[in-house]
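> Let me begin by handing over the structure; questions about it come next.
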Amino acid sequence: MDKLRNYDVSFSGLKNGKHKFKFEIDQSFFQLFDTEQEFTNPKIAVDVLLDKHTTFLEFEIKIDGIVELVCDITNDEFNHPIENEISVLVKFGEEYDDSDENVITILSTDHAFNVAQLIYENVMLSIPMKKVSPNVSDEDLAILDQFSPKNIEETEEKEPESDPRWEALKKLKDKN
């Protein structure tokens, strides 16, 4: 957790009310998580607004920037905008609990809240499943269509003729 210390929002000593924090996110941030990313060259600005109350904290986290993706169709790199906003309520309790995505319970002895995981998850969820460059042309799609497997019409399979012995049994069954 020490490697994520730069993303701690220290709330002890702050007066009740709103406080702003800014973070600049680049590739080094994502390397802290030891996972494979589907993008490169992230340039993301994160604005954190903390509204401190006596018994709880409200966080509004705005993520805005760009990442470089590889197009699934053309294999060209393109810039994709990342924009996301989340609100999280942080309350104090006896043990840490983040089972609810909108409410996180931290220890009442904590003096800071780390926003790194929230930033990471929301950037990752902003990446589209299908990555298509805005530069994909109709020509590209036509070429792709040429090499796509064609729909082969399935011929209707005729029901195999049943065994006459089974037919006789069915007739006996239907009589009863």
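Numbering (the numbering used here) for the sequence shown: 4 to 179.
Glycine included, C-beta positions come from ideal geometry on N, C-alpha and C.
Note that the structure is predicted; figures quoted are calculated from it, not measured.
#1: In this structure, what does DSSP give as the bridge partners for Glu20?
#2: I need the boundaries of the alpha helix (DSSP H) containing Val126, first residue and last residue.
#3: Within this structure, are the beta carbons of Leu118 and Val51 separated by less than 8 Å?
#4: Inspect the beta-carbon positions of Val12 and Leu53 and report whether they are closer than 8 Å.
#5: Roughly how many whole angstroms lie between the Cα atoms of Thr158 and Gln149?
#6: Should Glu170 go down as buried or exposed, given a rule of 16 or more other Cβ atoms within 10 Å for buried?
#7: Indicate the three-state DSSP secondary structure (helix, strand or coil) for Leu7 in the structure shown.
#8: Take Lys134 and list the residues in its own chain whose beta-carbon comes closer than 7 Å to its own, dropping the five residues that flank it on each side.
#9: For Ser165, count neighbouring C-beta atoms within 10 Å of its own C-beta (all shown protein chains included) and say buried if the count is 16 or more, exposed if not.
#10: Can you check whether the CB of Lys6 is closer than 8 Å to the CB of Asp29?
#11: Using 8 Å as the threshold, is the C-beta distance between Val93 and Leu60 below it?
#12: Is it a yes or a no for the segment 120 to 140 touching the segment 32 to 42, going by three-plus beta-carbon pairs under 8 Å?
#13: Glu86 to Ser111, Cα distance in whole Å?
#14: Under the three-state reduction of DSSP, which class applies to Leu35: helix, strand or coil?
#15: May I have the straight-line CA-CA distance separating Leu17 from Thr108, to the nearest angstrom?
#16: Ignore the nearest five residues each way along the sequence and tell me which others in Lys25's own chain have a CB closer than 8 Å to its CB.
Straight from the coordinates:
#1: According to the sequence shown, residue 20 is Gly rather than Glu. Lys55.
#2: Ala119 to Leu128
#3: Here residue 118 turns out to be Val, not Leu, going by the sequence shown. Going by C-beta atoms, Val118 is nearer than 8 Å to Val51.
#4: yes
#5: The predicted model places Thr158 with a pLDDT of 48, which falls under 50 and marks its position as unreliable; any figure quoted below should be read in that light. Rounded to whole angstroms, Thr158 to Gln149 spans 23 Å at the Cα level.
#6: exposed
#7: helix
#8: Leu72, Val73, Cys74 and Asp75
#9: exposed
#10: no
#11: yes
#12: yes
#13: 32 Å
#14: coil
#15: 19 Å
#16: Ala48, Val49, Asp50 and Val51
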